[in-house]
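In the working numbering, the protein residues as written are 4 to 266.
Idealized CB from N, CA, C, for every residue including glycine.
For clarity, every value in this text was computed on a predicted model and none was experimentally measured.
This report concerns only the one structure given below.
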Amino acid sequence: MAQKKQFKDLDLSNAFLFAAALEDEETCRLVLECILGTPVEKVKVKTERSILFRSDFRFVRLDVFASDEWNVNYNLEMQNTDEKNLPQRSRYHQAEMDLSSLKPGQDFKELRPSVIVFICSFDPFGKGLYRYTFEPRCLEADFPLEDGTRRIFLSTKGTNESDVSKELVSFLRYVTDSTDAYVERAKEWKLGKIHERIKALKQSRELEGRYMQFEELLKREHDEGTRQMLELVSRMIADGKTDLIPQLKEEVFCQEMLKEYHL
């Protein structure tokens with residue numbers, strides 16, 4: 004098993020560090036400008052929805068919620084494991100954002116525009132692109148639905164440099180190489196500002212302590228999940244349900260089996 008990096012050696016691809024960095028509103032604004040390729044004015048980050056303000060760690064979430072002065076809502080999340088569910092995950096985030104932005108009694112026309120961003124350290128669709136942008140369109144007549152939603156999937160493994168901005172490519176490379184040396188080579192002033200924030204966070208003993216707590220929490224959850232699955236498989240074998248074991252990779256079926264066996 005690969006040895007885990009120390010806190011001071013983390014890259015921005017680490018979801019915990021990413022969430023901590025973007026709680027700073029200026030850093031969040033600069034990241035959004037790199038991603039969208041357009042100016043973004045004043046940004047408000049909704050820090051009350053962050054794990055970094057949960058002392059008991061009962062609610063673990065590392066995505067970042069923000070809005071700009073034009074009332075556009077943003078949801079940003081770092082992804083390092085391809086679980087083949089990002090389209091469905093983005094759908095869930097979209098529904099969650101819509102529910103939180105529309106108050107009871109408000110007209111649906113008052114729903115705010117929204118942008119969901121996943122930054123992936125892998126290629127989520129295997130097309131070699133740095134950026135995949137999705138907006139609803141009519142298939143029959145090819146016109147936009149104009150419902151105000153956009154979903155962007157970014158890949159650090161892209162190869163189409165001529166199709167995107169140098170700024171975006173530099174940012175995505177920085178995600179997996181968040182070092183002084185890379186920032187010096189890139190010569191992008193926005194990266195320099197983002198990197199200043201990252202370096203300041205790595206000097207925080209309090210944040211390092213929270214990161215260690217978070218890692219321990221993940222380890223406990225992983226160990227418990229492994230124990231639970233081994234027990235489930237053992238009981239299914241004992242009951243002659245060996246042929247059903249391959250279906251456990253389907254989340255719904257797995258949850259049904261766990262419930263059936265009271266695990």
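- DSSP assignment within the stretch 89-174 yields the following whole alpha helix (DSSP H) runs of 4 residues or more, N-terminal first: 89-104.
- If you draw a 10 Å sphere on the C-beta of CYS123, you find 16 or more other C-beta atoms in it, and that means buried.
- Assigned with DSSP and collapsed to three states, LEU15 falls in coil, not helix or strand.
- The Cβ atoms of VAL46 and GLU26 do not sit closer than 7 Å to each other.
- At the C-beta level, ASN74 and ARG115 come within 7 Å of one another.
- Per DSSP, the continuous alpha helix (DSSP H) segment holding TYR185 begins and ends at 183-189.
- Using a Cβ-Cβ distance cut-off of 8 Å, the stretch 213-228 and the stretch 187-198 are not in contact, since fewer than three pairs of beta carbons, one from each stretch, lie closer than that value.
- Nearest neighbour of ASN76 by Cα position, chosen from SER165, GLU86, SER104, GLY243, turns out to be SER104.
- Residue environment: THR152 is assigned as buried (16 or more neighbouring CB atoms within 10 Å of its CB, all protein chains considered).
- As DSSP reads the structure, LYS47 sits in a beta bridge with SER70.
- Between PHE19 and TYR214, the C-beta gap is smaller than 7 Å, which places the two residues in contact.
- Between the beta-carbon of ALA69 and that of LEU204 there is about 18 Å, and that puts the pair past the 8 Å contact cut.
- Here GLU80 carries a strand assignment [DSSP, helix/strand/coil].
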